[in-house]
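The opening residue of the sequence shown carries number 1 in full-length UniProt numbering; numbering runs sequentially from there.
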Amino acid sequence: MDLSMADDSDKPSIHLSPQAKPTTPTIPSAHVIAETPQIRTHKFTPSTASVFANQGLQRSIALALKQVGFNSATPQALDSFAQHAEKYLQTLIEDVHNIALSARRDKPTPNDFQVMLQSRNLPIWLLNPHRKHPIPQKLLEPKKETSDLPSPSNPAVKSLPILHPDLSGETQRKAMEYIPKHFPEFPSIHTFRYTPRIEKTERDSQKIRAAAALAAKQGEDALRGLVRAAKVRKQKEVRSIVQRETHGRERYRLWEAAMQKLLSDKANRPAIGGRSRLSDQEIADASMIVNASIPYLRQERPRTGAGKRALPRPTLEIQGP
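Here it is, written out as structure tokens:
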């Protein structure tokens, strides 16, 4: 039987004729379906995924046509069959996907596929004949076309040396004769060897003590800087609170003037015993701050008996000058 398409009509039509009385002439350019499809062996460029899929679909259609009794098919007929098959498969996939989305699922399940078949009046038992394929296994396995690779002796593809022979690893490869020849070459030496780094450990006790003393002094200086910064911040907060009232600003100004005068008088005094005298400003900056507001902090209420009530805590009032 022959399968062909008419080119003179606007709508493609497929003409089928019995094999005994062929009415459609055989086109020389048609694909002849033989027992074992012959695969071309000439060189070719790698095809894209879409072209490869289209070729596989056309091959499947050709095998199915041969199974039902056709001997040849024109390229136009194969293209028409491929378009119908793609459209049908796309419709099936869309129906299964819509059924999964209607059930609020991202991916379809076998039950969705069964529902899709039932919606098309296709029971499950119709798939049983397809479990054992009627086409021979040797025809189902496609033979891939392979291109002839150039010989390794071709100077056009021979890689040029990049590293010096001492770094390429070829010397170590030749020294190890037990390594098979078909194994790849060694990588360069700098990729798997490194220069050992020896760190000197100090063992002199005097130097160790000196380093520990230096670290302690640096830590002490850092803590003093933190204390000094906290003291300055506390003074700024007190000054900002006092500056809100008129009487408070005046009291703070008088107190600050008195402190500056007192410090300047002590700094002008001569040193005693020939030793240099530190100024009170330096002593004040390096001295420890005492929290003088502890008595005014929130105190825990003393626990008394069940029938006794705690007496109110007396408050201390401080009046300004």
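Idealized CB from N, CA, C, for every residue including glycine.
Endpoints, the alpha helix (DSSP H) within which residue i is located
{"i": "Asn71", "result": "Careful: Asn71 lies outside any alpha helix (DSSP H) and carries neither H nor E."}
{"i": "Met116", "result": "110–119"}
{"i": "Arg173", "result": "170–175"}
Any chain D beta carbon closer than 8 Å to residue i
{"i": "Arg224", "result": "Of the protein chains in the structure, only one exists, and it is not chain D."}
Residue i, DSSP secondary structure in three states
{"i": "Ser293", "result": "coil"}
{"i": "Phe81", "result": "helix"}
{"i": "Lys234", "result": "helix"}
{"i": "Leu140", "result": "helix"}
{"i": "Thr201", "result": "coil"}
{"i": "Lys106", "result": "Residue 106 is actually Asp in this sequence, not Lys. Asp106: coil per DSSP, three-state reduction."}
{"i": "Asp7", "result": "Residue placement at Asp7 is flagged as unreliable, the pLDDT there being 43, under the threshold of 50; the coordinate-derived value follows with that caveat. Reduced to three states, the DSSP call for Asp7 is coil."}
{"i": "Thr48", "result": "coil"}
{"i": "Tyr252", "result": "helix"}
{"i": "Pro180", "result": "coil"}
{"i": "Ile124", "result": "helix"}
{"i": "Gln243", "result": "coil"}
{"i": "Ile208", "result": "helix"}
{"i": "Arg298", "result": "coil"}
{"i": "Ile135", "result": "coil"}
{"i": "Glu94", "result": "helix"}
{"i": "His164", "result": "coil"}
{"i": "His190", "result": "helix"}
{"i": "Pro129", "result": "helix"}
{"i": "Glu220", "result": "helix"}
{"i": "Glu185", "result": "coil"}
C-beta contact flag for residue i and residue j at 8 Å
{"i": "His79", "j": "Ile99", "result": "Note that residue 79 is Asp in the sequence shown here, rather than His. No, these two residues do not count as a Cβ contact at 8 Å."}
{"i": "Ala62", "j": "Ala53", "result": "no"}
{"i": "Arg173", "j": "Glu185", "result": "yes"}
{"i": "Gln58", "j": "Ala77", "result": "no"}
{"i": "Leu140", "j": "His133", "result": "yes"}
{"i": "Val242", "j": "Arg249", "result": "yes"}
{"i": "Ser188", "j": "Gly169", "result": "yes"}
{"i": "Met116", "j": "Leu92", "result": "yes"}
{"i": "Pro108", "j": "Val96", "result": "yes"}
{"i": "Ile135", "j": "Gln55", "result": "no"}
{"i": "Thr171", "j": "Pro165", "result": "yes"}
Whole-angstrom C-beta distance between residue j and residue i, which should lie under 8 Å
{"i": "Ile124", "j": "Gln114", "result": "6 Å"}
{"i": "Glu202", "j": "Ile208", "result": "6 Å"}
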